[in-house]
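> Quick one: the structure is below, questions incoming.
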Amino acid sequence: MTDLPDTDFTQRFIFDENDARGELVSLERSYAEVLAKHPYPEPVAQLLGELMAAASLLVGTMKFDGLLILQARSEGPVPLLMIECSSEREIRGLARYEADLIAPDATLADLMPNGVLALTVDPTEGQRYQGIVDLDGENLSECFTNYFVMSQQIGTRFWLNADGKRARGLLLQQLPADRIKDDDERTESWRNLTALAGTLTAEELLALDNETILHRLYHEEAVRLFDAQGLRFHCSCSRERSANALVSLGLEDAQNLVVEHGGHIEIDCQFCNQRYLFDAADIAQLFAGAGIDTPSDTRH
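Here the sequence shown is numbered in numbering that gives the first Met the number 0, starting from 0 and rising by one per residue.
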């Protein structure tokens with residue numbers, strides 16, 4: 000990992016006397032990398048940061064090898080938000096948007112009316128899993144909380160904030176009954192932990208370090224904070240993957256595309272803006288089984 004722990008990381012904590020755990024995330028460099036690829040309006044940049052924070056928190060709580068994909072789709076000015084975060088803790092993201100329809104103070108409901116949120120776990124081995132829930136909360140924090148209520152039935156709460164420079168998130172999750180056996184006491188303990196977390200303002204979450212946040216919220220609780228785990232921006236696009244997409248078209252269609260596009264096929268990565276160019280010689284070489292060892296120029 001190239002990112003320093005104090006810029007992009009998640010950090011887990013656990014309550015020694017309650018059946019609950021938590022995770023905090025801070026993203027700066029990777030968030031800046033995502034925003035640098037497109038001129039996102041401020042409300043869209045904030046949503047992207049919040050979705051990045053959510054993906055990072057979820058990867059921090061899951062044990063799997065593969066890719067976590069979050070997709071929010073709607074019929075509004077932001078038809079798509081998408082974040083991918085791998086078990087290697089490499090993250091990328093993008094949004095599609097209509098800038099002319101986005102007001103500076105636009106809310107989630109304004110940007111993504113009739114929206115749905117899909118969470119997909121694509122493991123390296125094993126079966127793909129996807130869960131879908133309506134974007135019916137006032138913000139993404141509520142939407143993710145609702146997702147877990149509807150599809151997982153695990154006590155889980157999210158607090159997500161981003162301001163265009165930093166994306167932060169807090170997750171609380173119930174654990175199986177162990178320290179507290181009585182159902183009423185367990186319910187009250189969870190209600191108390193989430194109520195305290197609910198007092199944290201967006202300004203505090205964005206500005207304070209993790210130790211200060213936990214002391215501010217839970218100074219009367221026994222809390223253990225674990226080591227930080229770094230994250231970084233990384234785009235998985237490559238010339239080889241673009242070539243494989245052309246192979247899937249078939250030789251005739253690929254040759255026709257070269258002609259239709261004036262001698263070059265351009266394949267652009269929407270995540271990082273990398274452009275891959277293929278001319279007639281590249282196509283011939285590719286379908287002759289010679290690979291892509293002598294590619295045409297690529298450029299950003």
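All residues carry an ideal CB built from backbone N, CA and C; glycine is no exception. Note that the coordinates shown come from a computational prediction; the quantities given were computed from them, not determined experimentally.
Pick helix, strand or coil for Ile-82, following the three-state DSSP scheme.
To locate residue 82, count along the sequence shown from 1; it is residue 83. Note: Ile-82 maps to strand in three-state DSSP.
> Touch check for the region 201–208 and the region 228–247: three-plus C-beta pairs under 8 Å?
Of all C-beta pairs linking the region 201–208 to the region 228–247, fewer than three are shorter than 8 Å, placing the two stretches out of contact.
> Any chance you could list the beta strand (DSSP E) runs of at least 3 consecutive residues sitting entirely within the region 232–294, in chain order?
263–267 and 274–278
> Alpha carbons only, please: which of Asn-113, Tyr-146 and Asp-177 is nearest the one belonging to Thr-119?
Counting from one through the sequence shown, the residue named residue 119 turns up at place 120. The residue among Asn-113, Tyr-146 and Asp-177 with its C-alpha nearest the C-alpha of Thr-119 is Tyr-146.
> Can you give me the start and stop residues for the alpha helix (DSSP H) that Ala-53 sits inside?
The sequence position of residue 53 within the sequence shown is 54, counting from 1. Per DSSP, the unbroken alpha helix (DSSP H) holding Ala-53 starts and ends at 41–60.
> When you compare the region 54–69 with the region 34–46, are there three or more beta-carbon pairs, one atom per stretch, that lie closer than 8 Å?
no
> Tell me whether Phe-147 sits in a helix, a strand or coil according to DSSP, three-state version.
For the purposes of this step, residue 147 is identified with residue 148 of the sequence shown, where counting begins at 1. Looking at Phe-147 - three-state DSSP - the assignment turns out to be helix.
> Which residues bound the beta strand (DSSP E) around Tyr-128?
Walking along the sequence shown from the start, residue 128 turns up at place 129. It spans 128–133 - the beta strand (DSSP E) in which Tyr-128 sits, taken as one unbroken run.
> Am I right that Leu-66 and Asp-121 are in contact with their C-beta atoms under 8 Å? What's the rounded C-beta distance?
Residue mapping note: residue 66 aligns to position 67 of the sequence shown, counting from 1. Residue mapping note: residue 121 aligns to position 122 of the sequence shown, counting from 1. With a Cβ gap of about 5 Å, Leu-66 and Asp-121 count as contacting.
> Quick one: is Thr-186 buried, meaning 16 or more other Cβ sit within 10 Å of its Cβ, or exposed?
The sequence position of residue 186 within the sequence shown is 187, counting from 1. Counting the other CB atoms within 10 Å of its CB gives Thr-186 a total below 16, which places it among the exposed residues.
> Excluding the 5 residues flanking Leu-195 on each side, which residues of the same chain have their C-beta closer than 8 Å to its C-beta?
The residue you call residue 195 lines up with position 196 of the sequence shown. Closer than 8 Å at the Cβ level, and outside the excluded window around Leu-195, lie Leu-216 and Tyr-217.
> Cutting at 6 Å between CB atoms, please list the residues of its own chain near Arg-11, excluding the five before and the five after it.
Looking up residue 11 in the sequence shown gives position 12. Excluding sequence neighbours, Arg-11 sits near Glu-22 and Phe-225.
> For the structure I just gave you, are there three or more beta carbon pairs, one from the region 76–90 and one from the region 105–117, closer than 8 Å?
yes
> Run the CB neighbour count on Val-246, radius 10 Å, all protein chains shown included, and call it buried at 16 or more, exposed below.
As a working note, residue 246 is residue 247 in the sequence shown. Exposed.
> Look at the alpha carbon of Ala-244 and the alpha carbon of Glu-184, and state the distance between them as a whole number of angstroms.
By 1-based counting over the sequence shown, the position of residue 244 is 245. By 1-based counting over the sequence shown, the position of residue 184 is 185. Near 56 Å, if we compare the C-alpha coordinates of Glu-184 and Ala-244.
> Spatial neighbours of Leu-174 within its chain, please: C-beta separation below 7 Å, excluding the five flanking residues on both sides.
Looking up residue 174 in the sequence shown gives position 175. Once the five neighbours on either side are set aside, the close Cβ partners of Leu-174 are Asp-18, Ala-19 and Arg-20.
> So, at 8 Å on beta carbons, what are the nonlocal neighbours of Glu-89 in its own chain, with the 5 sequence-adjacent residues on each side left out?
The residue given as residue 89 occupies position 90 in the sequence shown. The residues are Leu-230, Arg-231, Phe-232, His-233 and Ser-235.
> Quick one: what's got a C-beta closer than 6 Å to Asp-177's C-beta in the same chain, skipping five residues either side?
Position 178 of the sequence shown, counted from the start, is the residue given in the question as residue 177. Around Asp-177: Asp-18.
> Check the DSSP bridge columns for Asp-121 and list the partner residues they point to.
Taking the first residue of the sequence shown as 1, we reach residue 121 at position 122. Bridge pairing for Asp-121: Leu-66 [DSSP].
> Tell me the DSSP secondary structure of Thr-9 in three-state form.
As a first step, residue 9 is located in the sequence shown; it is residue number 10 there, counting from the start. Thr-9 falls in the strand class under three-state DSSP.
> Can you tell which of Asp-15, Met-51 and Gln-45 has the C-alpha that lies nearest to the C-alpha of Ser-29?
Numbered from 1 along the sequence shown, position 30 holds the residue referred to as residue 29. Looking at the Cα atoms, Met-51 is the closest of the given residues.
> For a minimum of 3 consecutive residues, which ranges assigned as the beta strand (DSSP E) are wholly contained in the region 13–41?
Taking only runs of at least 3 residues, the beta strand (DSSP E) segments lying wholly in the region 13–41 are 19–26.
> In angstroms with no decimal places, state the Cα-to-Cα distance between Thr-6 and Gly-288.
Taking the sequence shown and counting its residues from 1, the one referred to as residue 6 is at position 7. Taking the sequence shown and counting its residues from 1, the one referred to as residue 288 is at position 289. Answer to the nearest angstrom: the Cα atoms are 44 Å apart.
> So, are the CB atoms of Ala-98 and Pro-42 less than 7 Å apart?
The residue you call residue 98 lines up with position 99 of the sequence shown. The residue you call residue 42 lines up with position 43 of the sequence shown. Cβ distance not < 7 Å, so Ala-98 and Pro-42 don't count as in contact.
> Reducing DSSP to helix, strand and coil, say where Ile-212 ends up.
The sequence position of residue 212 within the sequence shown is 213, counting from 1. Reduced to three states, the DSSP call for Ile-212 is helix.
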